[in-house]
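Student: Per this note's numbering, the sequence shown starts with residue 261, numbered consecutively. Positions of the beta carbon are idealized from the N, C-alpha and C atoms, including for glycine.
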Amino acid sequence: MALDGIFLYHLKNEIAQFAIDSRVDKIHQPSKDEIIINLRSRQGSKKLLLSCNADAARIHFTEFPPENPAKPPMFCLLLRKRLAGAWVTDIEQDNLERILKINFSGTDELGDKTNYSLIIEIMGKYSNIIFVGKDGKIIDSMKRVDENKSHIREVLPGVTYVAPPKQDKFNIFTDDIEKIREKIAQSRKGMYKAVMEAIKGVSPIICREFEYGLTLDEFKKQAQNPTPTVVFTDAPKDFAFIDIKQYDNLATINHYDTFSQLLDYFYYERVRLMRIKARSADLFKTVTTLQERAVRKAINRTQELEDCKDKETYKLFGDLIAANMYRLEKGVPYYDLENYYDNNKIVRIPADIMLTPSQNSQKYYKEYRKKQVAESKLNEFINEANDEADYFESVIDSLSRAETDGEITAIKAELASQGYIKKGNDKKKEQKSLKPMHFKTRDGFDVYVGRNNIMNDKLTMKTAKNYDTWFHVQSAAGSHVICETSGNQISDGAIHDCAVIAAYFSKARESSNVAVDYTLVKNVRKPNGAKPGFVVYDPYKTEFATPTIDEVESLKDE
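(1) Closest by CA to aspartate 281, which one among Leu268, Ile287, Ser365, Asn328?
(2) On the three-state DSSP scale, how would you describe lysine 687?
(3) Exposed or buried, which one is asparagine 773 when buried takes at least 16 other CB atoms within 10 Å?
(4) Using 10 angstroms around the beta-carbon of tyrosine 601, count the other beta-carbons present and answer buried if the total reaches 16, otherwise exposed.
(5) At what residues does the alpha helix (DSSP H) containing arginine 283 begin and finish?
(6) Quick check on DSSP: helix, strand or coil for aspartate 810?
(7) From which residue to which residue does the beta strand (DSSP E) around alanine 500 run?
(8) If you draw a straight line from the C-alpha of threonine 806 to the C-alpha of alanine 754, how long is it?
(9) Going by DSSP in three states, leucine 308 sits in which element: helix, strand or coil?
(10) What is the rounded straight-line gap between the Cα of aspartate 400 and the Cα of leucine 339?
(11) For the pair the stretch 581-589 and the stretch 665-678, tell me if three or more CB-CB distances fall below 8 Å.
(12) Give me the residue from Ser410, Asn646, Asp498 with the minimum Cα distance to threonine 562.
(13) Rounded to the nearest angstrom, how far is the Cβ of valine 709 from that of lysine 700, given a contact under 8 Å?
(14) Taking a contact to mean a Cβ-Cβ separation below 8 Å, would you say lysine 397 touches threonine 367 in this structure?
(15) Pick from Leu615, Ser447, Arg539, Asp570: whose alpha carbon is nearest that of tyrosine 594?
(16) Along the chain, where does the beta strand (DSSP E) that runs through leucine 543 open and close?
(17) Nearest CA to the CA of valine 348: which residue from Asn355, Lys341, Leu337, Lys361?
(18) Measure the alpha-carbon distance for asparagine 604 versus lysine 569 and round it to whole angstroms.
(19) Going straight from the alpha carbon of histidine 740 to that of proline 325, what length do you get?
(20) Starting from the Cα of alanine 344, find the closest Cα among Arg318, Thr322, Ile319, Asn375 and give me that residue.
(21) Quick check on lysine 605: does DSSP put it in helix, strand or coil?
(22) Apart from the five residues on each side of it in sequence, which residues of its chain come closer than 8 Å, Cβ to Cβ, to lysine 631?
(23) When you compare only the Cα positions, how much space is there between threonine 779 and phenylalanine 765?
(24) Does the ligand ATP have even one heavy atom less than 7 Å from the beta-carbon of isoleucine 609?
(25) What did DSSP end up calling asparagine 584 once you bin it into helix, strand or coil?
(26) Relative to the C-alpha of valine 781, which residue among Lys725, Glu803, Lys816, Asp810 is closest?
(27) What's the C-alpha gap between aspartate 650 and alanine 737?
(28) What first and last residue would you give for the alpha helix (DSSP H) that runs through serine 387?
(29) Quick check: the Cα distance between lysine 409 and arginine 539, rounded to an integer number of angstroms?
(30) Going by DSSP in three states, threonine 489 sits in which element: helix, strand or coil?
(31) On the DSSP bridge list, what partners appear for glutamate 598?
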């Protein structure tokens, strides 16, 4: 994932259409490596975000500006002092390098007219935002670089700005395409590296496209007529200025109207998902620990159950001693008796020499009853532990698919209601606003999907009508899926669509040919005392489906 030179070229042209001849209204610095410049023109106002974050260096207009600190940093104050009220005169990019230079016409400390440049260098961990005066000398920068950090160039106040070394590669827009073709053909490093070393301004995702059949001529055509593209798996994965084919059906490919819109969505969504992941990390750890504990409990109880397997032997010994009481004596270490349950074979039964035959018989009966009770209790404990482990598996599944703070809050509330964690101070308003996911089959049936176990229970046991159809992945954790039929016969197409949805919103989402059970809601029952989300159902039918994100997305009801 990288904002490459050709992407930046198109982004520059897009930004320039609004920014040139616009006036700087306000400047904010939300973090140590981000600034936002409010620009105002006859077309309206926009917020231009510049970031030199090592993992997210970029420039674009934003609709999601981060929150500003109470006290602006010194670099922000400097920019406000010099650029407030200044006009954007030009935006430059030198030969597809990953550097943009925004030129301003403003005033100096004395109020005299002067020119400034704000340079953003997009180079991974070496990214920077540098403020330069009309004499070409650096006024300041977000990251100061002295000789100890770089032996190539210094980035310090008072030092003349020198651009990073340029790449010795071909420009797809201006250089002879046959020379580019020849250089790629001469390489012995494989197509990916050959393209990377030959063409200026291309990122890894573009180079991989050549391995999947993209030709140089087609690439030039697409580079001249770009398509802002995002690759989405379980989160925004990558972006490019051309349509991407290499992921086949393993990812969703989304296209955007503008490059700014693409970057704004891409990084906003990544930050949002990272925040949710961080917030749910402790919860994941807690639930995983609880699940492991339940599994260990079931294993330990199963091992203890082994000791009860011989309980019938103790009953047999008690029966045989009782049946032969009249001919047995006290003080012998064992009794050799005929087993009338097994063709009168002789069985040697250990005896306590201090006990009478009657007492030895009662001793065996007592041990039998003890093991019988233990077996019953252990089976009960094992079932409870297995049910608990399955429940935690369903919570982990819900957590893995949570995409909003509200979903995390609801799962926390569910665990708290079951006594597994302490009740928190999360706002109830967030939980109330959480609704099932809504889809529509291709022939128009409304489909609702639970986001967590509490919602699954409510959806199936309270919201759905008896004549609606219920779906759930077979023998795995997953969401309850309800197809509203209004009493009409559900179609085969709707059954398939609902099965795809149920398979996708389950632990089996990465599998193929997933078994999904379905039945009328009236056939679904929740046992007394069962964990949230647990139900039993009979009779039912089974549909097999292979879920794909593209198919599920196409069924979403916006």
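Tutor: Well, looking at it:
(1) Position 21 of the sequence shown, counted from the start, is the residue given in the question as residue 281. Ranking Leu268, Ile287, Ser365, Asn328 by Cα distance to aspartate 281 puts Ser365 first.
(2) Mapped onto the sequence shown, residue 687 falls at position 427. Low per-residue confidence applies at lysine 687: pLDDT is 48, beneath 50, and the placement is therefore not dependable, though the value from the model is reported in the following sentence. If DSSP states are grouped into helix, strand and coil, lysine 687 belongs with coil.
(3) Position 513 of the sequence shown holds residue 773. The residue is exposed, with fewer than 16 neighbouring Cβ atoms inside 10 Å.
(4) In the sequence shown, residue 601 corresponds to position 341, counting from 1. Looking at its Cβ environment, which holds fewer than 16 other Cβ atoms inside 10 Å, tyrosine 601 is exposed.
(5) Taking the sequence shown and counting its residues from 1, one reaches residue 283 at position 23. Unbroken run through arginine 283 is the beta strand (DSSP E), 283-291; no alpha helix (DSSP H).
(6) Position 550 of the sequence shown holds residue 810. Of the three classes helix, strand and coil, the one that applies to aspartate 810 here is helix, per DSSP.
(7) Your numbering for residue 500 matches position 240 in the sequence shown. Run containing alanine 500: 496-500, per the beta strand (DSSP E) assignment.
(8) As a position in the sequence shown, residue 806 is number 546, starting the count at 1. As a position in the sequence shown, residue 754 is number 494, starting the count at 1. Roughly 15 Å between the two C-alpha positions.
(9) Reading the sequence shown from its first residue, position 48 is the one you call residue 308. Three-state result, leucine 308: strand.
(10) Translated into the one-based positions of the sequence shown, residue 400 becomes position 140. Translated into the one-based positions of the sequence shown, residue 339 becomes position 79. Computed Cα separation, rounded: 9 Å.
(11) no
(12) Numbered from 1 along the sequence shown, position 302 holds the residue referred to as residue 562. Closest by alpha carbon: Asn646.
(13) Within the sequence shown, residue 709 is the residue found at index 449, counting from 1. Within the sequence shown, residue 700 is the residue found at index 440, counting from 1. About 12 Å; that fails the 8 Å criterion.
(14) Here residue 397 refers to the residue found at position 137 of the sequence shown. Here residue 367 refers to the residue found at position 107 of the sequence shown. No, these two residues do not count as a Cβ contact at 8 Å.
(15) As a working mapping, residue 594 is identified with position 334 in the sequence shown. Cα-wise, what sits closest to tyrosine 594 is Leu615.
(16) The sequence position of residue 543 within the sequence shown is 283, counting from 1. No beta strand (DSSP E) holds leucine 543; the alpha helix (DSSP H) holding it covers 519-565.
(17) Position 88 of the sequence shown holds residue 348. Valine 348 has its Cα closest to that of Lys361, out of Asn355, Lys341, Leu337, Lys361.
(18) Indexing the sequence shown from 1 puts residue 604 at position 344. Indexing the sequence shown from 1 puts residue 569 at position 309. Rounded to the nearest angstrom, the two C-alpha atoms are 23 Å apart.
(19) Against the sequence shown, residue 740 aligns to sequence position 480. Against the sequence shown, residue 325 aligns to sequence position 65. Those two C-alpha atoms are separated by around 37 Å.
(20) Position 84 of the sequence shown holds residue 344. Considering only alpha carbons, the answer is Asn375.
(21) Reading the sequence shown from its first residue, position 345 is the one you call residue 605. Three-state result, lysine 605: strand.
(22) What you label residue 631 is simply residue 371 of the sequence shown in a count that begins at 1. Contacts found: Asp567, Cys568, Asp570, Lys571, Tyr574.
(23) For the purposes of this step, residue 779 is identified with residue 519 of the sequence shown, where counting begins at 1. For the purposes of this step, residue 765 is identified with residue 505 of the sequence shown, where counting begins at 1. Roughly 18 Å between the two C-alpha positions.
(24) Absence of the ligand ATP from the depicted structure is noted, as is the absence of any ligand whatsoever, leaving it without description.
(25) Along the sequence shown, one-based indexing puts residue 584 at 324. Of the three classes helix, strand and coil, the one that applies to asparagine 584 here is coil, per DSSP.
(26) Numbered from 1 along the sequence shown, position 521 holds the residue referred to as residue 781. Considering only alpha carbons, the answer is Lys725.
(27) In the sequence shown, residue 650 corresponds to position 390, counting from 1. In the sequence shown, residue 737 corresponds to position 477, counting from 1. Cα to Cα, aspartate 650 sits roughly 8 Å from alanine 737.
(28) To locate residue 387, count along the sequence shown from 1; it is residue 127. Where serine 387 is concerned, there is no enclosing alpha helix (DSSP H), given that its DSSP letter is neither H nor E.
(29) Mapped onto the sequence shown, residue 409 falls at position 149. Mapped onto the sequence shown, residue 539 falls at position 279. Their backbone Cα atoms lie some 35 Å apart in a straight line.
(30) The sequence position of residue 489 within the sequence shown is 229, counting from 1. DSSP places threonine 489 in strand when its eight states are reduced to three.
(31) Taking the sequence shown and counting its residues from 1, one reaches residue 598 at position 338. DSSP, once it has assigned bridges, lists Ile606 as partnering glutamate 598.
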